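**Q** Numbering (mature numbering (1 follows the signal peptide of the UniProt record, and there is no 0)), first residue to last: -22 to -1, 1 to 657. No residue lacks a Cβ here, since even glycine has one placed at the ideal position from N, Cα and C. As the structure is a computational prediction, the values presented were derived from the model and not from experiment.
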């Protein structure tokens, strides 16, 4: 609890500093009203292509797949600067574009000439907290300092109704970002491959109209992949989608030398070689990074290539922006480091990329504790509460190894702690093997006690004390190496005799072979000679999902009382069910002919089906395996209107609803009777 309060205080203090810094740097409302800085008058746009990894586990831009431990935290400050952003090919307010550009470029040099933005500085404060060893939450707050060339002359763009403006500049807070990161696959446990998912949510706390943030909330889901082919090498890939919920600024190539003025003119931006507008909006983001640790030194070399492609401008020059940076991290503690890097844009003409970019920063992650004091941090110590014994055996796992050679003699008493005792009856208490002296076959049984001193015991758990190998323990003629039952002799009855296992009931009909007249053919339990072990066709047959009775069940007229002449067929059905326990639910169905009204027939058939259920229960069939249903005249098997058809339609049927394997899928009733199926 104390630690949680301490973490909360640190995060709150960092946020307070960031907000105070932003308040100091932010221009006043009066200055903006006077037009001291340039402002967009249509849509929003964020020129910050480079966004540092959210925590201490990433590279430069590319996020890693590791997360902070439970209640561990990190924070840092990354400052980056991009020089020469937003390419153009001349202004359109003067009569001569070339003259206008020459005037704008006067004294600015080749680096910044042809770019609307001279420099864009970002100082990004970030803080993160690990939760439950699977999640990480954090916050990022950039502070922006922005500057452009003097006397930018785009009509109606920077100031409403104006034709000229002073320098485009801004100093203040950027878009606040909250994120959650979850580890899906841990690299250390999956051959060096790791996967994580990240969701960032940005809020429009910056100034969208001055290229510092979007004008509404931004959702940025990212998938992070990582591969570590060696201890000192790691590769990372990030793929994400920045989804702006607000309107983006359209960037329209000049295409000529004049652009209509007015209070809501769009930016007459010229992307060389393009005559198609670029609409700033949702974009695909991606990066590829590599980190190489220089041996055991505190230095890691890093390089990232990263970019963004606006979805609506994939095929338009200017829609894709790419940059590359390389640098190094200097670790001052296990996971705390100073980072320096530099690079610039890859020449694809992207509207967001800079010509030159540099960065410097410091990331702090407090050292992880060492509860057992063995010098191994708890995050890598497999036994954080038991100190490593450091005996040059498995010392990297953090766990003590009291018996290195696992010979049952503790290392403190073992004169040969790395070589197991041979247990040959000769000085077995010293922990050292003595060779084969007194044990010619080296099986650990002294020759004086070894019945086969020249043939080593096979140690298979069968008569291992006599010193003789037993290649066929059960002496069934099948060597133990091929015998599935090495200690139980094969019964040699012509049924699966090659597996070495006895088969007391070959046909698995629950009648042992010695009592089974047909040991290889399973008994059919149908009430007809069910104890001889032979299949026989009686008055009851199981076909697919039905129990077929070859004799009718007779009832007294207009009654549910079963006639005595039908008791044998009831007995046979009961024997069939008892002999087939895998049948777990049967529906007994009553059916009538078309004579009589429907209500009467339904009631009579329901009563008759229930009577059969009671008769089966009296004969030993479990009630929960049975249910009954009456279907009246709804499902005739013979649709004719004759005495012969009526005889066929008055019947009792048995439907197998469920077996031990699950529902059978049997068609319980005809379409006309489906509404009568019991629940």
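What span of residues does the beta strand (DSSP E) with residue 593 cover, start to end?
**A** Element bounds for residue 593: not the beta strand (DSSP E) but the alpha helix (DSSP H), 576 to 596.
**Q** Among 627, 571, 590, which one has its Cα closest to the Cα of residue 658?
**A** This structure cannot speak to residue 658, because the chain is shown only from -22 to 657.
**Q** Output the distance between the C-alpha atoms of residue 173 and residue 34, rounded to the nearest integer angstrom.
**A** 16 Å
**Q** Would you check if the distance between the CB atom of residue 64 and the CB atom of residue 308 is smaller than 8 Å?
**A** no
**Q** Using the Cβ count rule (16 or more neighbours within 10 Å means buried), how would you classify residue 508?
**A** buried
**Q** Helix, strand or coil for residue 710? Go by DSSP, reduced to three states.
**A** Any question about residue 710 goes unanswered here, given that the chain covers just -22 to 657.
**Q** Can you give the Cα-Cα distance for residue 332 and residue 283, rounded to whole angstroms?
**A** 13 Å
**Q** Among 554, 641, 212, 640, which one has its Cα closest to the Cα of residue 599?
**A** When only C-alpha atoms are compared, the closest one is 554.
**Q** Any idea if residue 409 is buried or exposed, counting beta-carbon neighbours within 10 angstroms, 16 or more meaning buried?
**A** buried
**Q** Compare the beta carbon distance of residue 122 and residue 152 with 8 Å and say whether it is the shorter of the two.
**A** yes
**Q** Identify, in the order they occur along the chain, each residue of the same chain with its Cβ nearer than 8 Å to the Cβ of residue 532, setting aside the five sequence neighbours on each side.
**A** 540, 541, 543, 544
**Q** For residue 202, does the three-state DSSP call read helix, strand or coil?
**A** strand
**Q** With a threshold of 16 other CB atoms inside 10 Å of the CB of residue 119, please say whether the residue is buried or exposed.
**A** buried
**Q** Residue 176: which of 55, 636, 201 sits nearest, CA to CA?
**A** Comparing alpha-carbon positions, the option among 55, 636, 201 lying closest to residue 176 turns out to be 201.
**Q** Look at the Cβ atom of residue 375, then the Cβ atom of residue 360, and state whether they are nearer than 8 Å.
**A** yes
**Q** By Cβ distance, which residues of its chain are closer than 6 Å to residue 392, with the 5 residues on each side in sequence left out?
**A** 409
**Q** First and last residue of the alpha helix (DSSP H) that includes residue 551?
**A** 545 to 557
**Q** Given 8 Å as the limit, is there contact between the stretch 570 to 588 and the stretch 633 to 640, that is, 3 or more CB pairs closer than that?
**A** no
**Q** If you draw a straight line from the alpha carbon of residue 549 to that of residue 479, how long is it in whole angstroms?
**A** 38 Å
**Q** If I follow the unbroken alpha helix (DSSP H) through residue 625, where does it start and stop?
**A** 621 to 627
**Q** I need the boundaries of the beta strand (DSSP E) containing residue 216, first residue and last residue.
**A** 211 to 222
**Q** Does the stretch 289 to 299 come into contact with the stretch 310 to 318, if we say contact requires no fewer than three beta-carbon pairs (one atom in each stretch) closer than 8 Å?
**A** no
**Q** Which residue's Cα is closest to the Cα of residue 94: 109, 25, 277?
**A** 25
**Q** With 16 other CB atoms within 10 Å as the buried threshold, where does residue 244 fall?
**A** Annotation note: pLDDT 35 at residue 244 (below 50); position unreliable, no value reported.
**Q** Buried or exposed: where does residue 497 fall if 16 or more other Cβ atoms within 10 Å of its Cβ makes it buried?
**A** buried
**Q** Considering only residues of the same chain and omitting the five flanking positions on each side of residue 649, which have a CB-CB separation below 7 Å?
**A** Excluding sequence positions up to five before and after residue 649, its CB lies less than 7 Å from no other CB in the same chain.
**Q** Assign residue 242 to buried or exposed, taking buried as 16 or more other Cβ atoms, counted over all protein chains shown, within 10 Å of its Cβ.
**A** Note that residue 242 scores a pLDDT of 30, beneath 50, so its modelled location is shaky and nothing firm can be said.
**Q** Could you pull out every residue in the same chain whose Cβ sits closer than 6 Å to the Cβ of residue 623, ignoring the five residues on either side in sequence?
**A** 616, listed in sequence order.
**Q** Alpha carbons only, please: which of 627, 525, 585 is nearest the one belonging to residue 642?
**A** 525
**Q** In whole angstroms, give me the CA-to-CA distance for residue 379 and residue 439.
**A** 29 Å
**Q** Cutting at 6 Å between CB atoms, please list the residues of its own chain near residue 338, excluding the five before and the five after it.
**A** 57, 318
**Q** Relative to the alpha-carbon of residue 311, which residue among 292, 286, 343, 324 has its alpha-carbon at the smallest distance?
**A** The candidate whose alpha carbon is nearest that of residue 311 is 343.
**Q** DSSP has residue 149 in a bridge; who is on the other side?
**A** Paired residues: 123.
**Q** Return yes when the Cβ of residue 534 is within less than 8 Å of the Cβ of residue 579, no when it is not.
**A** no
**Q** Give the single residue among 50, 115, 188 whose Cα lies nearest to the Cα of residue 32.
**A** 115
**Q** Look at the alpha carbon of residue 148 and the alpha carbon of residue 124, and state the distance between them as a whole number of angstroms.
**A** 5 Å
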